[in-house]
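Q: For the sequence shown, the positions run 5 to 191 when our numbering is used. Cβ atoms here follow ideal geometry from the backbone N, Cα and C, with glycine treated the same way. In this text, all values refer to a predicted model and were calculated from it rather than measured experimentally.
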Amino acid sequence: SSDLAVGLSINDISADVKAYVSDDGSHALSAGSLLVKADDTNSTIFTVAGGVAVGLSKGEQSGSAAGAGGAAFAFNKIDNSIAAYIDKAVITTTSGGVEVNAHSKDQINAYAIGGALAGAKGGGTGGAAAIAGAGAFTFNDIRKDLSASIQNQSQVTTTGSNGVTVTATDESTIEAIAGSIARSEEP
Numbered sequence: 005s006s007d008l009a010v011g012l013s014i015n016d017i018s019a020d021v022k023a024y025v026s027d028d029g030s031h032a033l034s035a036g037s038l039l040v041k042a043d044d045t046n047s048t049i050f051t052v053a054g055g056v057a058v059g060l061s062k063g064e065q066s067g068s069a070a071g072a073g074g075a076a077f078a079f080n081k082i083d084n085s086i087a088a089y090i091d092k093a094v095i096t097t098t099s100g101g102v103e104v105n106a107h108s109k110d111q112i113n114a115y116a117i118g119g120a121l122a123g124a125k126g127g128g129t130g131g132a133a134a135i136a137g138a139g140a141f142t143f144n145d146i147r148k149d150l151s152a153s154i155q156n157q158s159q160v161t162t163t164g165s166n167g168v169t170v171t172a173t174d175e176s177t178i179e180a181i182a183g184s185i186a187r188s189e190e191p
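#1: What do you get for L12, buried or exposed, if any count of 16 or more other CB atoms within 10 angstroms of its CB means buried?
#2: How close, in whole Å, do the beta carbons of A72 and A180 come, if the pair is a contact with beta carbons under 8 Å?
#3: Does the contact criterion of 3 or more C-beta pairs under 8 Å hold for the region 97-112 versus the region 34-52?
#4: In chain order, what residues of the same chain have a beta carbon less than 6 Å from the beta carbon of K81, not counting five sequence neighbours either side?
#5: Would you call G212 buried or exposed, if buried means 16 or more other Cβ atoms sit within 10 Å of its Cβ?
#6: Note the first and the last residue of the continuous beta strand (DSSP E) segment covering H107.
#7: Based on DSSP bridge pairs, tell me the residues matched to E189.
#8: Does the separation of the CB atoms of V21 and I86 fall below 8 Å?
#9: In or out: K148 buried (at least 16 other Cβ within 10 Å) or exposed?
#10: Which of the three DSSP states, helix, strand or coil, is assigned to E64?
#11: Closest by CA to L8, which one among G167, G139 and V160?
#12: Per DSSP, what kind of secondary structure is A93 in: helix, strand or coil?
#13: Is the beta carbon of Y89 closer than 8 Å to that of I135?
#14: Considering Cα atoms alone, identify which of S188, G183 and E190 is closest to G55.
#15: Leaving out five residues before and five after I49 in sequence, what residues of the same chain have Cβ atoms less than 6 Å from its Cβ?
#16: Going by alpha carbons, who is nearest to S188 out of V10, S108 and G137?
#17: Please check the pair A78 and A53, which I expect to be a contact at CB under 8 Å, by giving their CB distance rounded to whole angstroms.
#18: Which word fits N84, buried or exposed, when buried means at least 16 other C-beta atoms lie within 10 angstroms of its C-beta?
As structure tokens, this is what we get:
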């Protein structure tokens, strides 16, 4: 008897998130305050892949053989572009500041479990042979272009003590656990 089980999971997220104020430089924008924010906090992959095989064989009058193989594979990728910017704009705030913020909090949680059990029992004059093998693998990748900027000769003026803040923050995480177990038995 021989048995094989394979679990496979493939996930891919690609997003383009932009927030911007753009002009050709010929118009003026006046506001109490201004917030330009591009935020990607929803790109999340949660995956579980598993493969478990059991092979058993029993020979009453002769030998027997059993084999089992179990494997699990998880492939996960997030490839995002997040940008917040002011481009060729003339901006004046009257009561507050100007904030340009790009934020990303992508998350991958991947779990792969492979297992195999093989048992063989021979009867009479025959022998017994059992072999088992298992494996688990995860590949996880987060790639991104994350930027916040005031660019292309933009002019930004704030009043009083209010300032201009430009930030780009990445809080992405990957948690991956892969494990396997195999056992063979010949009583």
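A: Reading from the atomic positions:
#1: exposed
#2: In fact, because the Cβ distance is near 25 Å, the residues do not count as touching under 8 Å.
#3: yes
#4: D16 and D145
#5: Any property of residue 212 remains undetermined from this structure, which presents the chain solely from 5 to 191.
#6: V102 to S108
#7: G123
#8: yes
#9: buried
#10: coil
#11: G139
#12: coil
#13: no
#14: G183
#15: N15, N80 and I112
#16: G137
#17: 4 Å
#18: buried
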